[in-house]
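Number of protein chains: 2
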Amino acid sequence: MVPNAKNSKCDSRPVRGGDAVRRALVEATAGALAEAGPSAVSVREVARVAGVNHGQIHHYFGGKRGLLKAAMHHLASIHLAHATENSVDGSIPRALQIAEDPQYWRAICQCVMEGDLELAGLEVEEGISVPRRALATLMTRLEIPETDLDFKAQFAAVAALQLGWAALEDFVLLISDVDESEREAVRDRVKVIISNWFGPLPAP
Amino acid sequence: MVPNAKNSKCDSRPVRGGDAVRRALVEATAGALAEAGPSAVSVREVARVAGVNHGQIHHYFGGKRGLLKAAMHHLASIHLAHATENSVDGSIPRALQIAEDPQYWRAICQCVMEGDLELAGLEVEEGISVPRRALATLMTRLEIPETDLDFKAQFAAVAALQLGWAALEDFVLLISDVDESEREAVRDRVKVIISNWFGPLPAP
DNA sequence: GCATTTATTAGACATTTGTCTAGAATGATA
DNA sequence: TATCATTCTAGACAAATGTCTAATAAATGC
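Sequence order for the protein chains is S and C. Under numbering that gives the first Met the number 0, read the first sequence as residues 0 to 203, first letter to last. Under numbering that gives the first Met the number 0, read the second sequence as residues 0 to 203, first letter to last.
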């Protein structure tokens, strides 16, 4: 990675002050986490792009693990804010809203693929993870019995589709022979496929 | 990872002889590649589970990069053998046959997510990668014009579904609230969803 | 049996990693 | 101004990594 990165607000002047340092580190970590996965995050590299001395990580987060958790929590709270905000304004909330927060979902996929389920499942609210909450909402809304295996398979399929899309969009478009000029159109059509998956939802 | 692994045929007696060493290293690497991604592969660890001195890697493969390429090539050739063998016995070949070689597709996903497209796209035959070949077959079989964006979107969606499934099956089942006893049934239903994606295919 | 090639081993080497610390700089408070 | 807590810096440290090599062991060809 080039030392002269495109992250961090200024790059020339180092970041100062407790909150600013915390924020810069968390944001830089979140980016690296979604980009390359937890094990590939280097605390020294993260500190460099955040414009901060690497010793600060131990000071503010206790170590790499604490920094990763803080970054994941940061991404999850952003996503949760988007999700609730979307459901407030009248629009029907869909199964998972992966197209919205690709960084969050990419980070989840990275953690899962590295086997770090603790990190991937950290985004809980009242004991329930974010995707699990979407499932529960959808099932009550559609009045599905809890043991309907057909529905569970449908949900699992659409979850796999959306996670796969979030994590591998570029590659999927590549093997589908979609060039740059067609990307937007194809992406929109895939969104439609996902939206229509369960048919029209009844109003709450 | 525990040093006393479950890999390698014997574990007690070290592997000897050029071909045997090569094979043991490639197989151990393929496993680690699918499990944790290229950057997480340690040549020393791989040599240990293969029952081989780590110096052999430089001797037989020139270094880590060569070993990774050999492992990817190994997985791709297995998959290609399965694919052609399947299309011979009369059954209709489907878009991608991801459920068949999860190790291969997991490895592909790992490479893509780390940004190592060279490694992910190495599985070429006559200049065309494996997934790209599936696309071409399907399009000629269904007589789809090359510029049909709706079809490309359908193909991209099913590719994302299958890749996402291969890479994240455990996690998807987890968030879908599928417990151990339901796994097999749900998995079968998802296979059906994929098989019926493009409707019945005309005979070749 | 001897010579030559191949296979194998153990280790050196530089680099990178995460952790932790002693001390300097900074800022607030009294 | 003097005191104190916070913030920040530079670096030490052990562990792990990929690369490469000199030396030994084994096998092969004559």
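The beta carbon of each residue, even a glycine, is placed where N, CA and C say it ideally should be.
Coarse secondary structure for residue i, derived from DSSP in three states
i                      : result
residue 198 of chain S : coil
residue 41 of chain C  : coil
residue 175 of chain C : coil
residue 1 of chain S   : Residue confidence for residue 1 of chain S is low, a pLDDT of 28 falling below 50, so the modelled location carries little weight; the figure read from the coordinates is stated next. If DSSP states are grouped into helix, strand and coil, residue 1 of chain S belongs with coil.
residue 89 of chain C  : Note that residue 89 of chain C scores 45 on pLDDT, short of 50, meaning its location in the model is unreliable and no value can be drawn from it.
Nearest neighbour of residue i, chosen from the options [CA to CA]
i                      : options                      : result
residue 107 of chain C : C/159, C/44 and C/154        : C/159
residue 120 of chain C : S/169, S/161, S/194 and S/33 : S/169
residue 194 of chain S : S/164, S/157 and S/115       : S/157
residue 132 of chain S : C/176, C/99 and C/15         : C/176
residue 99 of chain S  : S/75, S/113 and S/117        : S/75
residue 191 of chain C : S/178, S/153 and S/115       : S/153
residue 68 of chain C  : C/55, C/110 and C/54         : C/110
residue 173 of chain S : C/147, C/139 and C/128       : C/128
residue 62 of chain S  : S/46, S/143 and S/73         : S/46
residue 101 of chain S : S/138, S/32, S/56 and S/139  : S/32
residue 115 of chain C : S/22, S/66 and S/34          : S/34
Status (buried if at least 16 other CB within 10 Å, exposed otherwise) for residue i
i                      : result
residue 58 of chain C  : exposed
residue 80 of chain C  : exposed
residue 64 of chain C  : exposed
residue 135 of chain C : exposed
residue 187 of chain C : exposed
residue 183 of chain C : exposed
residue 179 of chain C : exposed
residue 28 of chain S  : buried
residue 148 of chain C : exposed
residue 17 of chain C  : exposed
residue 54 of chain S  : exposed
residue 93 of chain S  : In this predicted model, residue 93 of chain S has a pLDDT of only 48, less than 50, meaning its place in the structure is not dependable; the value taken from the coordinates is given anyway. So residue 93 of chain S counts as buried.
Beta-carbon gap between residue i and residue j smaller than 9 angstroms
i                      : j                      : result
residue 141 of chain S : residue 197 of chain S : yes
residue 181 of chain C : residue 151 of chain S : yes
residue 20 of chain C  : residue 42 of chain C  : no
residue 36 of chain C  : residue 113 of chain C : yes
residue 162 of chain C : residue 171 of chain S : yes
residue 73 of chain C  : residue 26 of chain C  : yes
Whole-angstrom C-beta distance between residue j and residue i, which should lie under 8 angstroms
i                      : j                      : result
residue 189 of chain S : residue 164 of chain S : 7 angstroms
residue 38 of chain S  : residue 39 of chain C  : 6 angstroms
residue 143 of chain S : residue 103 of chain S : About 26 angstroms separates the two Cβ atoms, so there is no contact after all.
residue 49 of chain C  : residue 105 of chain C : Actually they do not touch by this definition, with Cβ atoms about 20 angstroms apart.
Closer than 8 angstroms: residue i CB and nearest the ligand HEM heavy atom
i                     : result
residue 20 of chain S : Although the ligand HEM was asked about, the structure shown includes no ligands whatsoever.
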